[in-house]
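These notes are about the structure you will find just below.
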Amino acid sequence: MIETQSTITIKANDSLEGAKLLFDNKSYDSAVSRAYFACYQYAIAALHQHKNELYPIGNARKHNHRSITGAFSRYLIKENNIYPDEIKSYLKELQEHRHTADYEPAYFYDKKDAEAILKKAVYFCNTVKSKLD
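If you're matching positions, the sequence shown starts at 622 in my numbering and goes up one per residue.
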């Protein structure tokens with residue numbers, strides 16, 4: 622299957638639904654991780670739509686986490702005001718939570734923290750989705 626903006630948003634929706642299911646099943650670290658990936662995938666779709674020449678879907682070299690996070694904030698919030706300033710820090714923050722959830726063996730997210738992270742991810746995804754074709 623060729624990756625398109627539509628396929629990446631399908632993956633993002635699946636990631637977000639997966640995060641909700643994992644949360645409901647008390648798998649909080651995994652829920653945090655999937656919530657980040659939903660946001661990351663929506664950021665890729667948004668960059669593709671608004672900065673197509675720099676972030677073509679399907680070009681994995683351009684899809685590293687740092688470049689996507691920076692480009693989303695820079696191009697789509699700071700320079701073009703496509704998305705509200707309030708979500709500028711969300712991707713980086715959620716990525717840090719994902720790293721903690723996936724790579725810190727002595728740390729476990731509890732229900733309260735995972736719920737707050739999931740709410741932030743849902744808000745980010747809905748905000749980005751509202752401006753996609």
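Yeah, the Cβ is synthetic: ideal placement off N, Cα and C, and Gly gets one too.
Fair warning: this is a prediction, and the values are worked out from it, not measured in the lab.
Following the continuous alpha helix (DSSP H) through F745, name the residue where it begins and the one where it ends.
Note, F745: alpha helix (DSSP H), 732-750.
Taking contact to mean at least 3 C-beta pairs separated by less than 8 Å, is the stretch 689-699 in contact with the stretch 707-715?
A contact exists between the stretch 689-699 and the stretch 707-715.
Measuring only the C-alpha atoms, how far is Q670 from E707?
The C-alpha of E707 is placed about 21 Å away from the C-alpha of Q670.
Tell me whether R695 sits in a helix, a strand or coil according to DSSP, three-state version.
Shown here, R695 sits in a helix according to DSSP, grouped into three states.
Do you know offhand how far D731's Cα is from H718's?
Cα-Cα distance, rounded: 12 Å.
Please report the distance separating the alpha-carbon of S647 from that of N702.
In the sequence as displayed, the identity of residue 647 is Lys instead of Ser. C-alpha of K647 to C-alpha of N702: approximately 37 Å in a straight line.
Alpha-carbon to alpha-carbon, P726 and T748:
Distance between the alpha carbons of T748 and P726 is about 32 Å.
Quick check on L668: buried or exposed, where buried means 16 or more other Cβ atoms within 10 Å of its Cβ?
By the neighbour-count rule (16 or more Cβ atoms within 10 Å), L668 is buried.
Please look up how many angstroms separate the CB atoms of T690 and Q716, rounded, as I've assumed it's under 8 Å.
6 Å between Cβ atoms; contact.
8 Å Cβ cutoff met for Y649 and A737:
Pairing Y649 with A737 gives a Cβ-Cβ distance that is not under 8 Å.
Let me see if you follow: with CB-CB separation under 8 Å, is L715 close to chain E or not?
In summary, chain E is missing from the structure at hand, where a single protein chain is found.
For I629, I'd like the list of residues in its chain whose CB is within less than 7 Å of its CB, leaving aside the five on either flank, ordered along the chain.
Around I629: Q662, I665, A666, I678.
Is DSSP giving K709 helix, strand or coil here?
Three-state DSSP puts K709 in coil, outside helix and strand.
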